[in-house]
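Trainee:
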Amino acid sequence: MGNEFEEVRITELAELGAEGVDAFSFGVIGFAPDAMVTVYNATESRNAGLSPQRVLGKHLFEEVAPCMNNFMVAQRFDDADELDDIIPYVLTLRMRPTPVRLRLLKAPGCATRFVLIERRTAN
């Protein structure tokens with residue numbers, strides 16, 4: 004069986020409703036071209052300690068996750084017409100430094116862009 008974090012396609016994510024993205028074991032944040040959050044799944048809500056009500060409709064890089072407002076994450080969405088990259092990252096806002104893998108997804112013709120967040124678990 005493959006790794007869903009690495010294999011899920013942006014078109015699949017865009018077609019899923021809230022219940023569909025809530026089924027993933029990793030965090031899913033979807034946002035519009037103006038960076039306003041439109042999708043926030045239950046896994047990310049639990050892991051980050053932020054309710055969907057506090058996140059939906061907010062600016063991802065200024066209000067929700069300013070620790071991603073840099074050249075490694077936010078700027079890549081601005082610079083690329085198409086994006087499907089996995090990068091190691093450390094989340095630092097409102098929590099102790101947390102190593103994660105981020106998957107950045109953007110596709111032509113898809114209005115929603117996504118950041119997938121896979122927390123690393125201790126072995």
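Residue numbers (the working numbering): 4 to 126. All C-beta atoms in this analysis are idealised placements derived from N, C-alpha and C, irrespective of residue type, glycine included.
(1) Assign E47 to one of three DSSP states: helix, strand, or coil.
(2) Buried or exposed, going by whether 16 or more other CB atoms sit within 10 Å of the CB of G60?
(3) Measuring CB to CB, does P91 end up less than 7 Å from R104?
(4) Should R12 be labelled buried (16 or more other beta-carbon atoms within 10 Å of its own) or exposed?
(5) For L94, list the residues DSSP reports as bridge partners.
(6) Taking the continuous alpha helix (DSSP H) assigned at V67, which residues delimit it?
(7) The alpha helix (DSSP H) that contains L16, what's its start and end?
Mentor: Taking the geometry as given:
(1) Along the sequence shown, one-based indexing puts residue 47 at 44. Helix at E47.
(2) Within the sequence shown, residue 60 is the residue found at index 57, counting from 1. By the neighbour-count rule (16 or more Cβ atoms within 10 Å), G60 is not buried but exposed.
(3) Counting from 1 along the sequence shown, the entry for residue 91 is found at position 88. Counting from 1 along the sequence shown, the entry for residue 104 is found at position 101. Contact annotation: P91 and R104 have beta-carbon atoms nearer than 7 Å.
(4) The residue you call residue 12 lines up with position 9 of the sequence shown. With a threshold of 16 other beta carbon atoms within 10 Å, R12 falls short and is exposed.
(5) What you label residue 94 is simply residue 91 of the sequence shown in a count that begins at 1. Paired residues: T101.
(6) Walking along the sequence shown from the start, residue 67 turns up at place 64. V67 -> no alpha helix (DSSP H), and no H or E assigned at all.
(7) Translated into the one-based positions of the sequence shown, residue 16 becomes position 13. Note, L16: alpha helix (DSSP H), I13 to E18.
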